[in-house]
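Some notes on the structure that comes next.
Residue numbers (the numbering used here), protein chains in the order written: chain A, 1 to 313; chain B, 1 to 222; chain C, 1 to 46.
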């Protein structure tokens, strides 16, 4: 029965496509179910990009207000530290891939795209929002998934978010609270918090009986890797990048301070002061956040050292 | 622990046989078969079958002694008692060497090649490494790293050998230490959590006082 | 249960998991790095 979800009912899917229930309710889709296979492929792909953003597509189906992601595949696109865009060659690749799929008997359509935000959390930036809006205009049902491979290591669970955007000009009834995110300096101009234009969906996972068997076989290896891995070692370049980003922000704030101090003889602007303070407040919050993660990493190392190295025969 | 799963059936088979065989010669044969079996490294279950005690005092007593040696001994023990024990077949010699590696791994995590070559009666490094790779690692009884530069074998995992009764106390003691360490650690973590909660309460109160002072100052300024 | 005894003995033999000189050096270096970062963060806060 756990494998029932893997059956693709083409007629039902076609009927659903015709009815378009999502067209009447911007919040129609509320849940996402991701297969263990798709999750593993997306996380491994995101990790392989290191600090570079990567992107790919997800295949699956819909089941009422749930989007079911069965599989995922990477797109051959060039990413940067802060941006990844599917260029023309990616579009060609998508078309070829989808056709080849059908020929190979894989009936699932593309139901969304995923990309990585290495180190700065799972949410949609300005460009992501416009990309997703476009996708939702022409390729519904379409989902946006964001994975943060770096925090995944340090948080010990997959840092992942699934989102859908609202139609142009739509104002959501309840203002979603925008969670505080550390935004790297080289991403600021693009980010801006667009949390009012999209909403996140609940994510659950599923696996087949074969997946369960294979994962059981890997259980020991998983535990040994989990116990022997340490975010202090695994996340070195990420932390170094964060600290250099912090240093840049501090420099920027300092320069602004200098201007303001100079400028304050002219027009004392308390608003400017508040703005700097909020900037400085953000910087101190970011530095505290980095340190807390490091201290957590150290705490786990000390606990493991105490548990496994202090007992003698 | 895969090794235990693998040999569970084999142990079961020999225990059943040892329980039903009547003739001493057949029991002696069974011992020879068990100590030659390529995937069997555990003998205390067979040794504890009451039926085997009938070999005591007979011409096959040396076979029972040999089974004890395979359960708890090593090559060096066989050498120093070879006059009182049956001659070993090639399979038995190989197995006794494998059991010797397990016993050496019990005491140390790093086994120098010289010590291994001496204990296993092997004349050169190449032969020793072949034995460790083919007859120990591929058999699944040990996992580790051969360090040619430092001429030693670093053991990461070694299957457990049969325990002599006197070893039980040491094992219980080690388990109790581990349990004690874990309990202490849990208590320390709980204390730290309480301390952190208290500190954060303290900070909140302090922040509130500061804000009130600022408010008062603003009021008085106005 | 002899099999269980053998498994426990094999597990206990892996303790202490790491006791090499190099591990202690690496461990202390990580420890000090993190303490230094905490100190820097405290500065930033101030």
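Here a beta-carbon is modelled for each residue, glycine too, at the ideal position from N, C-alpha and C. Values in this document were obtained by computation on a predicted structure and should not be read as measured data.
Asked                                                                                                                                                                        : Found
Answer yes or no: does any C-beta atom of chain A fall closer than 8 angstroms to that of residue 163/B?                                                                     : no
Counting contacts by CB-CB distance shorter than 8 angstroms, is residue 11/C in contact with chain A?                                                                       : no
With distances taken Cα to Cα, identify the nearest neighbour of residue 59/B among 76/B, 50/B, 28/B and 103/B.                                                              : 28/B
On the DSSP bridge list, what partners appear for residue 110/A?                                                                                                             : 59/A
Should residue 231/A go down as buried or exposed, given a rule of 16 or more other Cβ atoms within 10 Å for buried?                                                         : buried
Distance cutoff 8 angstroms, beta carbons only. Does residue 306/A sit that close to anything in chain B?                                                                    : yes
Whose C-beta lies closer than 7 angstroms to the C-beta of residue 39/C among residues of the same chain, with five residues either side of it excluded?                     : none
Could you check whether residue 121/B and residue 232/B sit closer than 8 angstroms to each other, using their CB atoms as the reference points?                             : Outside the shown range of chain B (1 to 222) lies residue 232/B, about which nothing can therefore be said.
Kindly identify the DSSP beta-bridge partner or partners of residue 158/B.                                                                                                   : 142/B
Hey, quick one: how far does the alpha helix (DSSP H) through residue 171/B stretch, first residue to last?                                                                  : 167-221
Return helix, strand or coil for residue 74/A, following the three-state DSSP convention.                                                                                    : strand
CA-CA distance, residue 81/B and residue 69/B?                                                                                                                               : 10 angstroms
Determine, using beta carbons only, whether residue 123/A and residue 158/A come nearer to each other than 8 angstroms.                                                      : no
Run through chain C and tell me which residues come within less than 9 angstroms of residue 311/A, C-beta to C-beta.                                                         : 12, 15 and 16
Have a look at 134/B, 65/B and 125/B and flag the residue whose alpha-carbon is nearest the alpha-carbon of residue 35/B.                                                    : 65/B
Going by beta carbon distance, what residues of the same chain come within less than 8 angstroms of residue 17/B, once the five residues before and after it are set aside?  : 30
Could you give the distance in angstroms between the alpha-carbon of residue 108/A and the alpha-carbon of residue 167/A?                                                    : 25 angstroms
Report the rounded CA-to-CA distance for residue 71/A versus residue 59/A, giving the unit in angstroms.                                                                     : 5 angstroms
On a CA-only basis, which of 11/A, 6/A and 36/A is nearest residue 213/A? Give me that one, please.                                                                          : 36/A
Go ahead and label residue 312/A buried or exposed: buried means 16 or more other beta carbons lie within 10 angstroms of its beta carbon, across all protein chains shown.  : exposed
Let me confirm a value: residue 189/A is counted as buried when at least 16 other C-beta atoms fall within 10 Å, else exposed. Which label applies?                          : Reliability of the predicted coordinates at residue 189/A is poor, the pLDDT of 49 falling under 50, and the value obtained from them is presented with this limitation in mind. Counting Cβ neighbours within 10 Å, residue 189/A comes out exposed, since fewer than 16 surround it.
Could you pull the DSSP bridge partners for residue 144/A from this structure?                                                                                               : 113/A and 163/A
One question on the structure: do residue 284/A and residue 44/C come within less than 8 angstroms of each other, judged by their Cβ atoms?                                  : yes
Whole angstroms are fine: how far does the CA of residue 308/A sit from the CA of residue 62/B?                                                                              : 43 angstroms
Below 7 angstroms CB to CB, which residues in the same chain sit around residue 3/A once its five sequence neighbours on both sides are set aside?                           : 208 and 209
Taking a cut of 8 angstroms between CB atoms, which residues from the region 166-177 of chain B lie near chain A?                                                            : 170, 174 and 177
Please state the DSSP three-state secondary structure of residue 199/A.                                                                                                      : strand
I need the straight-line Cα distance from residue 123/B to residue 297/A, nearest angstrom please.                                                                           : 48 angstroms
Please state whether DSSP places residue 136/B in a helix, a strand or coil.                                                                                                 : helix
Is residue 60/B near the ligand ADP, with its Cβ less than 7 angstroms from a heavy atom?                                                                                    : Only the bare structure without any ligand can be found here, which leaves the ligand ADP out of the picture.
What residues in the region 234-262 of chain A bring their beta carbon closer than 9 angstroms to a beta carbon of chain C?                                                  : 239, 243, 246 and 250
Take residue 200/A and list the residues in its own chain whose beta-carbon comes closer than 6 angstroms to its own, dropping the five residues that flank it on each side. : 161 and 163
Judging by CA-CA distance, which residue of 129/B, 43/B and 51/B is the nearest neighbour of residue 153/B?                                                                  : 129/B
Indicate whether at least one CB of chain E lies closer than 8 angstroms to the CB of residue 295/A.                                                                         : Among the protein chains of the structure shown, namely A, B and C, there is no chain E.
Could you check the C-alpha separation between residue 33/B and residue 23/C for me, to the nearest Å?                                                                       : 45 angstroms
Quickly, what does DSSP pair residue 31/A with across the bridge? List them, please.                                                                                         : 66/A and 202/A
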